[in-house]
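Quick notes on the structure that follows.
Numbering (our numbering), first residue to last: -2 to 93.
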């Protein structure tokens, strides 16, 4: 039996100080059937660049960049793209 897919949605706005730790905390989970949808909400810092490095290493990570519309819009954008049976939210400055 395969594990159900878990979609993790992370809104990111100018999160360059924290985003690598947040992504790393997902990668290091024992549950392996997940997708991480990062919604870059118009960041003006290096958040997108940092995320791109992780994208190159793990195909389960997806990055969507939008103009800044706020965290609720970013979460809703992620929800529209989620494929998982289960949904989890992870803020860019948090860790699982």
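For glycine and all other residues, C-beta sits at the position ideal for the given N, C-alpha and C.
All of these numbers come straight from a predicted model, not from anything done at the bench.
Check, Outcome
"Report the option in 49, 67, 13 and 65 whose CA atom is closest to the CA atom of residue 33.", "49"
"Look up residue 80 in the DSSP assignment and say whether it is helix, strand or coil.", "coil"
"Of all the options 61, 22, -1 and 26, which has the alpha carbon lying nearest to the alpha carbon of residue 10?", "61"
"Determine the burial state of residue 72: buried for a count of at least 16 other Cβ atoms within 10 Å of its Cβ, exposed for fewer.", "buried"
"Pop quiz: residue 90 and residue 17 are said to be a contact at Cβ under 8 Å. What is the actual Cβ separation, rounded to whole angstroms?", "Rounded, the Cβ-Cβ distance is 11 Å, inconsistent with contact."
"Once DSSP output is grouped into helix, strand and coil, what is the label at residue 9?", "strand"
"Of the residues 21, 19, 84 and 65, which one's Cα is nearest the Cα of residue 39?", "65"
"Below 6 Å CB to CB, which residues in the same chain sit around residue 8 once its five sequence neighbours on both sides are set aside?", "36, 38, 68, 71 and 72"
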